Each structure stands twice: as C-alpha cells, then as structure tokens.
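Note that the working numbering has the sequence shown beginning at 40, numbered continuously upward.
All remarks here apply to the structure that follows.
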Amino acid sequence: MSSTTKKSAQEKNAIFATTKKPFPVKPLALFVASVALSSTAVAQSANTGGTTAAQNPTIETQAVANSTAGSTSTATATTSAAKSAPLKLGVVTVHSRNRIEKLQDVPLSVSVVQGKELERLNATDINSLTQRLANISWNQGNQRTSSLAIRGIGKQGQTEAQDPAVGLIVDGVNYAYNALSSSFDFTDIETVEVARGPQGTLLGKNSSIGAINVTTKRPSFDSDFSYALTLGEWDTAQGRFAGGGAVVDDLLAWRGTLSVSKGQGDIKNAYNSDESISNKERVSGRVQFLLTPTEDFTARLAVDVQPRSGERTNGRTIYTPTPEKYSDGSANPNNSDASKRLIRRWFTQSPNYNYEDSYLWGGGENEYNTDGRRPLITGSNGATVDLNWKLDSHTITSITAYKDYHFNAVNDEGTPFDIQRNSGGFLNDYKQVSQELRLSSQQGGFVDYQTGFFYLDVNNVAEYQRVWGNDAGAWFASASQYATLDKDSAGRYLLINSLSGLDMAWNSPAGFQDINNESTALFAQANWNFTEKFVLTTGLRFTREERENRTATYIKDHGFGAELNPANAGEVNLGGFHSVNSATKISDTLTIPAGTLGRIVTNADGTKSLVTDNTNTQLTLADQLAAEYFGKAAGAAPGDAYNSLTAAQKAQVGAAKALRQSQIGVVFDEIDVEPYEKTLPSFVISPTYKFHENLTGYFSWQHGEKAGIAQATNGISNLVKEEKIDAFELGVKSLLLDNTLVFNLALFDMKINDYQQTSRVYDEYTTTLNRQADPTANDVYTNATANIPEVRARGIEIDSVYSGIPNTSIRFAGAITDAEYVEFTNSPQPSENGYTGAPQYQDVSGETLPGASKYSFNLGVDYRLPVWDGKEFHTSLNAQYASKFNSDNSLSSYGWIEGRTIVDFGIGLGNGNQTFDVNLVVKNLFDDDTPLTRTWNNYTPAHPRWIGVTFSGRF
C-alpha cells in the first residue's frame, strides 16, 4: 500500500486532535468530509487498492455521491479548523456515468440523501427513505402491493406480470419487482438518490417514471467497525452491525453487515393479544469481498440473505358504518354488508362480538379481532459479482446478479369467526438473473460516452390462495339463501358444507400464474462538448421484451361439499350434477321449482325449456346427496332418492349449490396467454449551457417505454400494450449567497400514452356464459389492468442545500405538481355509485390521479456543536408535507385524505471520535393521525408517535 495514502493511527489521531477543539470547526464541513471519506472508497479502490482518502478536514475534500442511476449532489469544501464563519459550498459533484461530474453540469432533476442522515433518525424502511426525497411517495400496501410514485404517477394496482413504474437499483443491481423494495430494512447506506423521468439510456433496466438508487458502503482496506442498538416503544429492539477491513493487505478486503429489527405493532388483536398489526420481524445480512490484484482491475463479490420471517401488515383497517344512501340519493340496501350478516342468528350466538361494539371503529379500542390472519412471510437471497477493468482510455464494467423473493399471505375477512381460513393471499416465488456489461470512455475529449448491454430474466410463480371455513356459508349466503338454509338441521348442515374446506387457486386475476419475462437491451449515452460552456447530451436505447404467462384457475381441495359442485364452470367439468338452483319461470304458465334436476336452456326461437340430461353417474351423486343430508334411501333407478325430496328440501339443495357456485366463480384450465414481444426505444436529448461558473441551465427531452403485459382476464388472453412516456424539463442549477446556497429548479411536463392501470374491460368469459342461458343478456364488464389513453403530470421542483448558518446544514426540496387523467373514460365505479342502473364505468378525464398531492415538500435540518472534552451535541429534524389527495384508485368521494405533515426528530450527545453516541429519536413527533388511506366504509390509521433511544459507535 502506498505510503502517501495510508496513515498511521498516530497520524490520524493527531489530525483529529487538531480539528476537535471546542466550537471552531463548522460541523457541516466535518459532515461533508465524513461523507467524502466513505463515499470515495469505491473510486479509491480502483486507483489505490481500496484505501480511503486521507482523513484531513483541513485540506480540500471532494464529496462524491456514488450513483449508477443518474446523478446526485453533495458538496466540496475547503475548511479550516481555525475558522468559524459559515461554510462556503464549493464544487458540487456527482458520480454519474461511472465517473465524477459536476452536478450543476448534469441535465437531470435529482435528489440525494446521505446515509448519515438516515442513520441519525433511524430511517431504514422504504417509506422513511421517500420521506427525505422530493416529489416521490410511497403508496400504502403490504410487502407485495406497496408501490412508489414520482411526480404523482405510479399508484396503481400491482399485478404480478407488470413492471414497476419507478425503478429501484441497489448497488448496481436493478430490482424488477415492487415487492423487493418494501420487505426489508436498508442499512449501512452510503447514499440514496432519485432521478426523475424515464431512465435507461445510461445503464441497467429501463424505468418509465424515474429510479431510486441505493448505494451501500463498500469494502475498504482500512479497518472500520460500527454498531447501533435501538430500544423503543412497543418492545422495539433493533441492532445493526457493520464492519470490515483488509483480509490480505492491498489484495483482498471485506465488509459485513447484520441488521435485526423486532417489535410489536401499535394495533392489537383482541382475539389473540400476542398478535399486532405493523409488527417488526426483520433479519438481514450482507457480506462483500473486494479483490484488487492490480491497479487496473477490481472484483467485488456481494451476498445478501434475508431469512424468511413474518410481519402482520394486512388488516391495518378500521371499519366504519357503510353509508345508507348511494350518490344518486337512492337507498343502499346493504344486502352483503357486515351490518346485515352479523345480525344473523348464526353469529349472534356469540355474546361478546357484534357489529356496533366490536366490528366498527376497531371495537372502540383501536383493535382488530380476527382468528385467521397470519403474518406475511417474506424472504430473499441475492448475489452480485461486480468486475471493473481500467484500460488505457476506457473502463469496462460487468455486473452479474441473482435475486429471489418469497412471499406468502394468509389473510382474514375481518372477524373472529371461521369464515375464511385465507380470504385471499398470494403465494409468490420470484427469481431474477441479470447481466450488465458497460464500456465507458475517458473524459476530456470532444465526446465522452458510455455504451453497454443489459440482460434480465425473470420468473415469478404466483398463486392466489383462498380457503373457506365452517362459518363461510352463513356469511356469504344471500338473505334468501340464508333464510332457506337456516330453517332446520339439514339446511344448516348444507350451509356448513356448501363452502367449508373449499380450497382454490382463485381467480385474481388468475389463480395460478407462471410468468416469464425476458429483456435484452443495447444502450449508449454521450456528452458532446462543443465548447466549455455548451454541452449536448444524447442517449439511445433499444430493449427487446419477450413476456409469457401460463395461467389457470382451479379447485385444489373440494372440502366437505364436493357433491354440491355445479356440473361445470364454463368449459371445466367440476363433477357435479345439473339442477335448477332457484325457481325459474320459463313460460307464462310454467315455473321450474328450485332444486329440480336438469338445466334450463334457451332455444333457437327464444323460448326456454328444461333439459334433463344428467348421466347415471350424476343422478347417483344426487341420490348420495339426498341420503347424506336428508336420510333418503336409494331407489330402484338412479335419481329416485333425490326426486323423493320435498319441494322445501330441493329448495335447500338449490340454495346451497347456488351459494357454492357464486363463491367458486371463474374456473379455467391451464392456458398460455398471448405473449408480448416487441422492441422498445428510449432516448434522451439534453443541451446544457453554463452561463457562468455558478449558474447552469439545461433542457431535456426523455422518451421511455414500459413493456406491455401478458395476462388473462377470466381465462381469456388480454394483452396490455406498452406505455409511452415523454418527459420534458427546463431547469437551472445555481450556487448563491456567497457560495452557501445550492439552489436547483426544474419545470417539468410528462405525458404518458397507454398508461397501464386497472380499468373496466369487456368480460368475454362471463358475457358468453350469460348468453348461453339468455342470448339477449347485456355485455358484462370487469376490472382488469388495461391501457388508458393519456396521463399528464406537470409542475415545478426545487432542490436546495444551505450552509450559511454556523454549525448547521439545511436541506429543502419542494414541488408543485398537477397530475391528471387527460383521457380515461372507462374507470371503475367507486362504491357510492353502486345504485341500480348505474353505468358499468365512469369518465374521470380531467381528474387528479389517485395518490397525487398538488403541494409537497421535505425539510432536513442538522445541527452539530462541539461542546466539552471532545463531546459533540447534535440534533436533527426531517419534516415531510403532502397536501390533500384521493387515496382511492376509483376516486371515491370518500377517499380524500387531508394534508399531513410528518416530523421526525433526534437529539443526542456523543464522543467526537464517534466511539460512542446516544440519540433520542422521535418518529411522528407531533403525532399526526391523518389516515393513510380511506374509502367509503373503512380507513387505514396512521402510525402513531414512536419514541426510542439509539446507542451507536465505531471501533
């Protein structure tokens, strides 16, 4: 190791001694220097064998935010231990295009948060990360359904075959599945950045709205170990350990990270007091090795493991009374509402649970009361090999990566009764393999460029599970079905067996999906340096997308009532017998009683008739049913026992069969849906002009396309087209107020054609079935992901950093955003439009997108003051504000959420040499209780204030 880059412990201690005298050194300068020391580790590893920069805050130190997604901003400053004036910010740089560049010269709207800031306020989950970045939001859901939005775009129902709108890159690895962002803690972080607008001409996987880039700390040959222990409310215990150093000097270094987070949630289960919603149960580990056999070659191997563990995320729902009237003023009969179901004799036998006092408003105690909800099980494993060769005039980078993810949800309908042992939950096993190869030129010539190849192979096997319990029949029966069946013991036996034990891969949007997505891309981006002041950036990408999906919906276990199956569902034989489920009038003089053997058909002339075409096997099954439930002995011929039932008994059979058939719903055999195959272009054109040293202006036009979706809707192929995005930006980047204020501003206008979102689409499956019985039946529509013609988002964004106050750094970012549906004429109807005769869809053209706030900002303040005996007082604050938005994807009038401000605060004291620090952390300082989501009869409550203490240090 070079003697010019490695300092002895005595020399380092001497440096520290000269800089930690009480009061004279500006904490922001030390903060900037500390960021530089850690974030330059990767750059140094390629040039000096991985040794970090000399830790001397009295020399000019360049803070570099490592980025693979676009660009970031930090500050370079010349500081003096003897000065106490406010810090002057120097050259703001980025590490984009795999090289260091000045942020003010890069034509992108970007934001960055340093890992140090995240650590101070214990911000480790994806929601906490987005609270510190401008014009980006995390949309409430579980570990699979949560999503990210930028500029108000990105909140949509997640489907397994759909690409996320906002990309996530972790240490150069592109995550192609939303769930990978929300299940785990992000620890030992160097920087978190967001680049807005379509991405992909520079590297990796393309993304349509923007990308978040997370960079963790890399191995170094200098020994470095840190720890943090947090104890807090709700039995919270969090432990984080990170460290590493040389294995073989100048040849092999390592770094390891371990994170454990456990704690109860804030909402208890009255059914089992040891269970709570929003509990923490997370463990993750990561180990990295850096090999530097020569000055021109580095190799990094990283392996991460998140063992499977369970957290209760689903069910954070407080039920409210369902409105008594629809939007047109007509009465809401609430036939299927819990208010009607829970007053049935079946459920009133439980004296300690009722609708008013238990089901509504969290039982008055902010609780939930369910018997069947289980923790969501998640786990992941990953491995990355990152190789870099430095040639005479180029650098070659290869990133080979594997990532998998497991998800298993067992949900509950929201009561303590045995209604659904799984009310619908996905079982996913996701795997992705990626390979990226890049060639980067040296800077300094007329053109600087980077070009490369990217390959991604994704397999996602998903099953939507639904299991019914002993009380399911009494819950799901219509009022007339329940009245028919709850009359006597035989009827109640049918009521139980109609659904108990039924287990399905249920249709949502298919019971089973085997998804295979393959992406292959070539990309290139170049800076054309026409003059010292004028630079033109151009980029081009072509991505070949090939997407396949094999789907099916089927019964896994028929449970206790297989004999109650219909004869068939669509074209699938379910093994039952034909019978008329409800009394049906087929002529002016003839009504077929409920339970009659046979089926009603519509003849060519429009008349109806009863067809009795059950086979002997089917008739024997009907006789077995008559014997099991009513004690009828077999007759001389098949069907005699069943035909001996009374009209009332046959009506009970008809009610039980109709109930079962309604819950089974759509069933279809395995099909290969129509594949999606297309080559998608992306490009960027962006001129930049430097008006003077501290003022740069730019314009950019970014075009991107997001792959279509190979999917089925009720067993029929329903191919979704690609999205097409054009994003325009006009921005300035400046350094003001005697170099103490970085102020960047961007005007943006994004247009998206064929936006992918849940819409009302023609239901060919159900329409065909209905017309088999009645050729005049109306078209049927259902909800499915489809393309809507046009969405637009436009507004203004500000990013700034101010250092003009001694010992203080201030980060501010804000946005005014108008995100709207330009044309969307077939949106699903909200619940309040469920009145008789309502259109099957609504026109929301001109309306604001769900989840989109018009005004948003975040503010970060950090104050650090050396006090006595080498101690340092520090306090930090982060505030995020978002104005009102509609949280309902169908834009229900009940879905509006008022503006909210979440403030996190920390205050503490530590040793100046960072060997020990204690920090009081308060999340949601002012206990803002604005709901996270709301619809017409429930809401998702906010997470209340949380207080904890973190003990941390380095050794």
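Cβ atoms here follow ideal geometry from the backbone N, Cα and C, with glycine treated the same way.
Values in this document were obtained by computation on a predicted structure and should not be read as measured data.
Would you mind sorting lysine 442 into buried or exposed? The rule is 16 or more other CB atoms within 10 Å of its CB.
buried
Mind checking whether glutamate 829 and isoleucine 554 have CB atoms under 8 angstroms apart?
no
Endpoints, alpha helix (DSSP H) assigned at leucine 698:
686-703
How would you label lysine 59, buried or exposed, when you count the other beta carbons within 10 angstroms and need 16 or more for buried?
Its pLDDT being 34, under 50, lysine 59 is placed unreliably in this model, and the value from its coordinates should be taken loosely. Lysine 59 comes out buried.
So, at 6 angstroms on beta carbons, what are the nonlocal neighbours of lysine 122 in its own chain, with the 5 sequence-adjacent residues on each side left out?
Since pLDDT at lysine 122 reaches only 38, below the 50 mark, its modelled position is unreliable, and no value is offered.
Compare the beta carbon distance of serine 480 and histidine 433 with 8 angstroms and say whether it is the shorter of the two.
yes
Can you tell me which of the three DSSP states phenylalanine 328 falls into?
strand
Could you give the residue range of the beta strand (DSSP E) that holds alanine 188?
186-189
Hey, would you say tyrosine 488 sits closer than 8 angstroms to glutamine 564, going by beta carbons?
yes
Judging by CA-CA distance, which residue of Thr972, Arg351, Tyr214 and Ala825 is the nearest neighbour of aspartate 313?
Arg351
Between asparagine 872 and glutamine 881, how many whole angstroms is the CB-CB distance? I'm expecting something under 8 angstroms.
7 angstroms
For leucine 241, count neighbouring Cβ atoms within 10 angstroms of its own Cβ and tell me buried if that reaches 16, exposed if not.
buried
Cβ-Cβ separation, asparagine 620 to lysine 696 (assumed contact under 8 angstroms), whole Å
5 angstroms
What's the gap between the Cα of arginine 294 and the Cα of glycine 949?
25 angstroms
Is asparagine 427 near phenylalanine 336, with beta carbons less than 8 angstroms apart?
yes
Check whether aspartate 798 and proline 869 have beta carbons under 8 angstroms apart
Inspection of the sequence shows that residue 798 is occupied by serine rather than by aspartate. Contact: no.
Under the three-state DSSP convention, the category aspartate 662 falls into:
helix
Counterpart residues of histidine 617 in DSSP-defined beta bridges:
According to DSSP, which records beta bridges pairwise, histidine 617 is partnered with nothing at all.
Select from Glu713, Asp966 and Tyr521 the residue whose C-alpha is nearest the C-alpha of arginine 30.
Nothing can be reported for residue 30: it is not among the residues displayed for the chain, which extend from 40 to 994.
Please report the distance separating the alpha-carbon of asparagine 566 from that of valine 723.
11 angstroms
Does the Cβ of serine 378 lie closer than 7 angstroms to at least one heavy atom of the ligand ZN?
Here there are no bound small molecules, and the ligand ZN is not part of this structure.
State buried or exposed for aspartate 274, treating a residue as buried only when at least 16 other CB atoms are found within 10 Å of its CB.
exposed
Can you tell me which residues form a DSSP beta bridge with serine 725?
Thr576
Cα-Cα separation between leucine 268 and isoleucine 986, rounded to whole angstroms:
14 angstroms
Does phenylalanine 493 pass the burial test, meaning 16 or more other C-beta atoms within 10 Å, or should it be called exposed?
buried
Short check: CB of tyrosine 398 to CB of tyrosine 365, under 8 angstroms?
no
Cβ contact (3+ pairs, closer than 8 angstroms) linking the region 399-411 and the region 455-468:
yes
Which residue marks the beginning of the beta strand (DSSP E) containing tyrosine 737, and which one marks its end?
734-745
What's the C-alpha gap between phenylalanine 288 and glycine 278?
Here residue 288 is aspartate; the residue named in the question, phenylalanine, does not match the sequence. The straight-line gap from Cα to Cα measures roughly 30 angstroms.
Keeping to the same chain, check which residues put their C-beta closer than 6 angstroms to that of serine 262; ignore five residues upstream and five downstream.
Gly284
8 angstroms Cβ shell around leucine 157 - same chain, five flanking residues per side excluded:
Thr163, Ser167, Leu168, Arg171, Phe225, Ile228 and Val231
Reducing DSSP to helix, strand and coil, say where glycine 530 ends up.
helix
If you count every other CB in all the chains shown that lies within 10 Å of the CB of lysine 65, and 16 or more means buried, which is it?
Only weak support is given to the placement of lysine 65: the predicted model assigns it a pLDDT of 34, under 50, and the value that follows is read from those uncertain coordinates. The residue in question, lysine 65, is buried, as its Cβ has 16 or more Cβ neighbours within 10 Å.
Aspartate 261 in three-state terms, based on DSSP
coil
Glutamate 571 by DSSP, collapsed to three states: which one?
coil
Residues in its own chain within less than 6 angstroms of isoleucine 764 by CB, not counting five upstream and five downstream?
Pro237, Ser247, Gly743 and Ile791
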